[in-house]
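Throughout, this note's numbering is defined as the position within the sequence shown, counted from one, plus 6.
We treat Cβ as the ideally placed atom computed from N, Cα and C, and that holds for glycine.
Since the structure is predicted, the reported quantities are computational estimates derived from the model, not experimental observations.
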Amino acid sequence: MSEVLQVRPVCIRVPEVIGRQTTEVLLVDDITFTTPVFKIIDVLIDVEITDCFVCTDKVIFNGRMQKNIVYKAPRDPATGEGTVNYREFVRDFAGFVVIPGVLKDDECLVERAVVRQDCEVFIPTERDANGNIVAATEKVIIDVDIKVLRPRQITVNLASTDICPELEL
Numbered sequence: 007m008s009e010v011l012q013v014r015p016v017c018i019r020v021p022e023v024i025g026r027q028t029t030e031v032l033l034v035d036d037i038t039f040t041t042p043v044f045k046i047i048d049v050l051i052d053v054e055i056t057d058c059f060v061c062t063d064k065v066i067f068n069g070r071m072q073k074n075i076v077y078k079a080p081r082d083p084a085t086g087e088g089t090v091n092y093r094e095f096v097r098d099f100a101g102f103v104v105i106p107g108v109l110k111d112d113e114c115l116v117e118r119a120v121v122r123q124d125c126e127v128f129i130p131t132e133r134d135a136n137g138n139i140v141a142a143t144e145k146v147i148i149d150v151d152i153k154v155l156r157p158r159q160i161t162v163n164l165a166s167t168d169i170c171p172e173l174e175l
């Protein structure tokens, strides 16, 4: 014997996607190294969008890039030994995207914020007498993908018994 399911309307609140847009931010930094660079071992980058604000037809955002350049220092000529050092720097940035139809009370959601690996440029600008890097210019492009949501109430018809447990408050 099968259970008879009753269809009943239920009002729920869901986020409606109003729009989505991607933009790019170019960061250019002049870097000096207190300890000269013999060879770069690794570059570690974290990008974070710290906040975003929805305006009519636009979204303004602020972000931060933290970068660590891990490198070998010149080796000691007498021992052949050297050290591994790192140079850390933090760079704040800002940008905006145009998304027609968004309103001030909408919610922004950052889908992605990353440095484009195919377009990261490191240009040595000064070397010491042994050819080790003591200053450089770095250029990176950060891709930022933002989605704007607006709360919306909709009615759905449930054709099942309630399988959700009761909430204890």
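C-beta atoms of residue i and residue j nearer than 8 Å
| i | j | result |
| --- | --- | --- |
| residue 54 | residue 119 | yes |
| residue 97 | residue 33 | yes |
| residue 37 | residue 121 | no |
Sequence-distant residues of its chain with Cβ nearer than 7 Å to residue i (five each side left out)
| i | result |
| --- | --- |
| residue 134 | 42, 140 |
| residue 17 | 159, 161 |
| residue 129 | 142, 143 |
| residue 110 | 60, 61, 62 |
| residue 87 | 81 |
| residue 48 | 76 |
| residue 132 | 140, 141 |
6 Å Cβ shell around residue i - same chain, five flanking residues per side excluded
| i | result |
| --- | --- |
| residue 29 | 101, 103, 150 |
Cα-Cα separation between residue i and residue j, rounded to whole angstroms
| i | j | result |
| --- | --- | --- |
| residue 58 | residue 125 | 25 Å |
| residue 137 | residue 70 | 32 Å |
| residue 26 | residue 152 | 6 Å |
| residue 106 | residue 113 | 14 Å |
| residue 66 | residue 56 | 11 Å |
Residues near residue i in its chain [Cβ-Cβ closer than 8 Å; skip 5 each side]
| i | result |
| --- | --- |
| residue 90 | 47, 76, 77, 78, 79 |
In chain order, which continuous runs of the beta strand (DSSP E) of length 3 or greater are located wholly inside the segment 73 to 120? Runs found: 90 to 104.
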